[in-house]
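Chains A and B, in that order, are what the protein sequence lines are.
Each residue of the first sequence is one higher than the one before, counting from 23 in my numbering.
Each residue of the second sequence is one higher than the one before, counting from 23 in my numbering.
Working notes, structure below.
Number of protein chains: 2
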Amino acid sequence: MTHEPGAGFAADAYSRVSGLGLVCVTYCVGGLNVLNAIAGAYAEKSPVVVVSGAPGRQDRQKDPLLHHKVKTFETQRRVYDEVTVASAVLLDEQRAASEIVRCVEACLRYKRPVYIEIPHDMADRQIPTRKFNLPPPERSDPRTLAASVRETLSLLKEARKPVILAGVELARYRFAGLVVRIAEGMKIPIAADLLSKSAVPEDHPLYLGVYGGAMSSDRYVRRYVESADLVLMLGTFITDMSMGFYTAKLDRGRTVLATSERLSVQYHCYDSVELGDFLRALAKANVRGRPSTHPSPRPVAEALRESERSDALRMVDVFRILSLHLDERCCVVADVGDSIFGAVAMRSARQAEFIASAYYMSMGFAVPASIGIALGRPDLRPFALVGDGAFQMTGVEISTAARLGLHPVILVLNNDGYGTMRQIRDGCFNVITQWNYTKICELVGSGDALKASTKGELDSALSAARRSGKLTVIEAKIPRTDISPQLATVSREVAKMRGLSL
Amino acid sequence: MTHEPGAGFAADAYSRVSGLGLVCVTYCVGGLNVLNAIAGAYAEKSPVVVVSGAPGRQDRQKDPLLHHKVKTFETQRRVYDEVTVASAVLLDEQRAASEIVRCVEACLRYKRPVYIEIPHDMADRQIPTRKFNLPPPERSDPRTLAASVRETLSLLKEARKPVILAGVELARYRFAGLVVRIAEGMKIPIAADLLSKSAVPEDHPLYLGVYGGAMSSDRYVRRYVESADLVLMLGTFITDMSMGFYTAKLDRGRTVLATSERLSVQYHCYDSVELGDFLRALAKANVRGRPSTHPSPRPVAEALRESERSDALRMVDVFRILSLHLDERCCVVADVGDSIFGAVAMRSARQAEFIASAYYMSMGFAVPASIGIALGRPDLRPFALVGDGAFQMTGVEISTAARLGLHPVILVLNNDGYGTMRQIRDGCFNVITQWNYTKICELVGSGDALKASTKGELDSALSAARRSGKLTVIEAKIPRTDISPQLATVSREVAKMRGLSL
Chain A
23 MTHEPGAGFA
33 ADAYSRVSGL
43 GLVCVTYCVG
53 GLNVLNAIAG
63 AYAEKSPVVV
73 VSGAPGRQDR
83 QKDPLLHHKV
93 KTFETQRRVY
103 DEVTVASAVL
113 LDEQRAASEI
123 VRCVEACLRY
133 KRPVYIEIPH
143 DMADRQIPTR
153 KFNLPPPERS
163 DPRTLAASVR
173 ETLSLLKEAR
183 KPVILAGVEL
193 ARYRFAGLVV
203 RIAEGMKIPI
213 AADLLSKSAV
223 PEDHPLYLGV
233 YGGAMSSDRY
243 VRRYVESADL
253 VLMLGTFITD
263 MSMGFYTAKL
273 DRGRTVLATS
283 ERLSVQYHCY
293 DSVELGDFLR
303 ALAKANVRGR
313 PSTHPSPRPV
323 AEALRESERS
333 DALRMVDVFR
343 ILSLHLDERC
353 CVVADVGDSI
363 FGAVAMRSAR
373 QAEFIASAYY
383 MSMGFAVPAS
393 IGIALGRPDL
403 RPFALVGDGA
413 FQMTGVEIST
423 AARLGLHPVI
433 LVLNNDGYGT
443 MRQIRDGCFN
453 VITQWNYTKI
463 CELVGSGDAL
473 KASTKGELDS
483 ALSAARRSGK
493 LTVIEAKIPR
503 TDISPQLATV
513 SREVAKMRGL
523 SL
Chain B
23 MTHEPGAGFA
33 ADAYSRVSGL
43 GLVCVTYCVG
53 GLNVLNAIAG
63 AYAEKSPVVV
73 VSGAPGRQDR
83 QKDPLLHHKV
93 KTFETQRRVY
103 DEVTVASAVL
113 LDEQRAASEI
123 VRCVEACLRY
133 KRPVYIEIPH
143 DMADRQIPTR
153 KFNLPPPERS
163 DPRTLAASVR
173 ETLSLLKEAR
183 KPVILAGVEL
193 ARYRFAGLVV
203 RIAEGMKIPI
213 AADLLSKSAV
223 PEDHPLYLGV
233 YGGAMSSDRY
243 VRRYVESADL
253 VLMLGTFITD
263 MSMGFYTAKL
273 DRGRTVLATS
283 ERLSVQYHCY
293 DSVELGDFLR
303 ALAKANVRGR
313 PSTHPSPRPV
323 AEALRESERS
333 DALRMVDVFR
343 ILSLHLDERC
353 CVVADVGDSI
363 FGAVAMRSAR
373 QAEFIASAYY
383 MSMGFAVPAS
393 IGIALGRPDL
403 RPFALVGDGA
413 FQMTGVEIST
423 AARLGLHPVI
433 LVLNNDGYGT
443 MRQIRDGCFN
453 VITQWNYTKI
463 CELVGSGDAL
473 KASTKGELDS
483 ALSAARRSGK
493 LTVIEAKIPR
503 TDISPQLATV
513 SREVAKMRGL
523 SL
């Protein structure tokens, strides 16, 4: 990558599509530059191993001032302890192998980043390895598990309109198939949230859409989830973002929440119940589902009519037109702001993957992430949705895509500044330089550059990108004041509710 | 700025030229992205105030998952405690003012960064202010001070060939004038180091050049300093970089080291002596200097001959030709790698300022720093020297220069990859995409774009940039294997000394 922040996002995205990511950095000047991306991986449970170089063991005697050092030789490790679940500095050859195994095991178990520091005079050493005794997997207490499953099943039997809110942990722990089995067995409709979109197949007949209070994909899914008499939240993070900035209406009295960290049924909790055991038990239970009250999957995006091709492009059109070009060989990666809010409503006839920094919300995620996705899943073509502000942060990483022979499609949504921030608080700090975004292809010497300011032009540009199969940058010109319906709704409701801005 | 890493470097550079810098960032997604730059400011003693937004006081109850949060609400403050000398979270209106004063006072006293976090529901509050009792300035113990001055003066009287090594703290604490008075009074030649270059006027008759062991500006200064019988290191950091990766030959037996943190004379230390008091006492002392053995200032760069204008440009020529275009209204800002090693030898007829991340060595410093310099010292025009690798990290910040109406000259030294790293360890990780660097002006919609692959072309491009006074990007094409004489020397000596690479 050209710059460490991009390397961090790429490793995070690689992990999300393939199960584990790794990023190698220089001591401090590199490591501290990748910290934000790793903090995001921590927040959104993406297992990434950070491997950092470091001063040699010999160099550390007498605490000299070595270049790249900040306060002490411990500084970087201490910083990383704040955003990881395990860390190690490999100062001892005898223990190095078991330290590496301990860290990677924690990374995979908790689905969160770890930090391994390698003094430069250790990098080329052979280290002794032997059989490692991995800590046993955590086990549920059998009686507590049985009691929690019994209570949940009895609630399910009574429920007239249950719904499953499928969370992102289902993707991280590979439990999505299990939850689809539960839903199919009991005929329960499934909604996703902002962070878990595409974790369960969006073309499944029981799939409703994305629920997030005022930030739901449409009114239908919002009304369905909020009128349900039992909400099974499985692997779900309850965050301000996924709950539409507190506009969600879900009360504990009709909720079962099961995650890798806790299991709560209505107002009480069960300790020592593993998420996997709980889900497997529900899948095995033979509860006869009532016929679902969910009539049929929501219609996918409407085809583009010839008569509207010359219409000026608005934010809402971008997501609809992109939907028409997606299939199961695509992965949409949304940056922060309207790129993600608008994408909530996207629904393609054939299921595309979806990746976003939907909770931590770090701008500049999408372009570098598209590189991680393309490397981790060569069968998927990334389609990055990125605002002009976020593109200015990390967009030059298309240079890396070009060098590695990758072919993402980068859609720059140019609404002339920090559009989402303008909804929160406007001022001169939301003004950015207007770039000639498509010129970036000439700068990095690669890629097809296209512009679209009408619906037809965007449709044609996407067709061209699909035909050519090449790295493509499309600048979509959006009117300055235009925002997605999702952002409009949530801005309005939040303002009403709190008497203030987001 | 377009991206937080650039904002941190700009604030650091602003501080170096004007005494104090400040950077405002978003909670975590912004704050953690600026951490590396702030760590660099800590390492190189540049006082920067980091002001970060944060979740509101109300929002923190019950520890909910709010977007941008990592582990806890304390995460960012704890991270910043590792790279700052004071921090405060303004949760209490009554104490907010005194907390701000405490942090800024520490920032100015220790010349190191501080961190102030403002919950968003505090940002618009009026806070009570009253007179603050600032801690009194630290004072020297009078007898210890007198003893240390007495001993130093007696060493000076005996010395036949003393030399002053002027360190970067002289710039930070504004003691350079004092040290020049000491030098003039006792007729002692002065050398600078990599980090302090330009802290004392380079056109002063007593100025020798930059000393850094094998990384000295020339053999003359190296021989002069290493054959001196007394080296007064004033405000000097002793680092691996400034000592030319341990190629420096300075033994404690002929050294007086006085910094803001310690005073040591030969093999013993004095506690409780303030650097300013010590320097003022030396300046007042009436020691008759011997006539300096330093014959005259080293010759400045040789003018460009007509006959050599069509010669292919090499690294060494870049610094020589740039020198010919500099005067006291210029500030050279060097990025990491050969941009800085080569710049060690630069010497202009009329004194230009010099700024670099010469100890922490964080790539990508120069372009954003040129913005901080231009804002902090509107009388100076920045000339940034930046390698192609570093330019790919933060070069798009010229977009910010354009928006703010600033006119730096950006010299991209394109030697096709990480040239300095190739000297240390070569491999595929040193390969980067070849950009069409001058196309960046079309991307950001501003700036004159020029290319130079001969000495004459570089000279003409610099003349054009001076004439136009506009933002200018010059791509200087350097042969892939060419490096500066300084880097060549240090690489050779280090390899010999350690039997291995840097």
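Ideal Cβ placement from N, Cα and C applies to all residues, glycine included.
Check	Outcome
For Asp251 (chain A), three-class secondary structure by DSSP	coil
Where Cys50 (chain A) meets chain B, residues with beta-carbon distance less than 9 Å	Asn58, Ala61, Gly62, Ala65, Tyr382, Ser384
Cβ-based neighbour list, Arg302 (chain B), same chain, cut-off 7 Å, excluding 5 preceding and 5 following	Leu200
Residue from A:Gly43, A:Val434, A:Lys219, A:Arg489 with nearest C-alpha to His347 (chain A)	A:Arg489
Arg403 (chain B) (DSSP reduced to helix, strand or coil)	strand
Enclosing alpha helix (DSSP H) for Cys450 (chain A) [first to last residue]	Per DSSP, Cys450 (chain A) belongs to no alpha helix (DSSP H) and is neither H nor E.
Burial state of Thr503 (chain B) (16 or more Cβ within 10 Å)	exposed
Per-residue contacts from Ser282 (chain A) into chain B (C-beta, under 9 Å)	Residues of chain B passing the Cβ test: none, with the nearest at roughly 14 Å.
For Val295 (chain B), three-class secondary structure by DSSP	coil
Arg488 (chain B) in three-state terms, based on DSSP	helix
Chain-ordered chain B contacts of Asn55 (chain A) [CB-CB under 7 Å]	Pro27, Asn58
Counted within 10 angstroms of its Cβ, other Cβ atoms place Asp34 (chain B) as buried (16 or more) or exposed	buried
Reduced DSSP category for Tyr242 (chain B) - H, G, I as helix; E, B as strand; rest coil	helix
Cross-chain neighbours of Glu104 (chain B) in chain A, by beta carbon under 8 Å	Val92, Lys93, Thr97, Arg100, Val101
Given 8 Å, three or more beta-carbon pairs between the region 95-102 of chain B and the region 157-166 of chain B	no
Close beta carbons around Ser170 (chain A), own chain, < 7 Å, minus the five adjacent residues each side	Leu285, Val287, Tyr292, Val295, Phe300
Burial state of Ala1 (chain B) (16 or more Cβ within 10 Å)	Any property of residue 1 (chain B) remains undetermined from this structure, which presents chain B solely from 23 to 524.
Of the listed residues A:Asp410, A:Gly439, A:Ile395, A:Gly28, nearest to Thr460 (chain A) (C-alpha basis)	A:Asp410
Span of the beta strand (DSSP E) around Gly467 (chain B)	Taken as a continuous stretch (DSSP letters only), Gly467 (chain B) belongs to no beta strand (DSSP E), as it is neither H nor E.
Three CB pairs or more closer than 8 Å across the region 60-70 of chain A and the region 85-93 of chain A	no
Residues that DSSP places opposite His290 (chain A) in a beta bridge	A:Val287
Euclidean distance between Cα positions of Lys91 (chain B) and Met265 (chain A)	15 Å
Test item: CB-CB of Val56 (chain B) and Glu26 (chain B) under 8 Å	yes
Rounded straight-line distance, which links the Cα of Ala270 (chain B) to that of Tyr242 (chain B)	14 Å
Gly386 (chain B) - DSSP class collapsed to helix/strand/coil	coil
Arg82 (chain B) to Val366 (chain B) span [Cα, whole Å]	51 Å
Enclosing alpha helix (DSSP H) for Tyr36 (chain B) [first to last residue]	26-40
Proximity below 8 Å, CB of Phe418 (chain A) to CB of Ala388 (chain A)	First, the amino acid is wrong: residue 418 (chain A) is Val here, not Phe. No. Outside cutoff.
Below-8 Å beta-carbon distance, Asn436 (chain A) vs any chain B residue	no
Same chain, Cβ closer than 8 Å to Ala424 (chain B), neighbours up to 5 away in sequence not counted	Val466, Gly467, Ser468, Gly469, Leu493
Residue environment, His290 (chain B), which counts as buried when at least 16 other CB atoms sit within 10 Å	exposed
Three-state class that DSSP yields for Leu522 (chain B) in the structure shown	Because the pLDDT at Leu522 (chain B) is just 48, under 50, the model does not fix this residue reliably, and the point stays unresolved.
Other residues of its chain near Phe259 (chain B): CB distance less than 7 Å, five sequence neighbours each side excluded	Gly189, Val190, Leu217, Tyr381
Integer-rounded CB distance, given that Gly359 (chain A) should sit under 8 Å from Ala412 (chain A)	7 Å
Enclosing beta strand (DSSP E) for Lys499 (chain A) [first to last residue]	494-499
Ile377 (chain A), DSSP secondary structure in three states	strand
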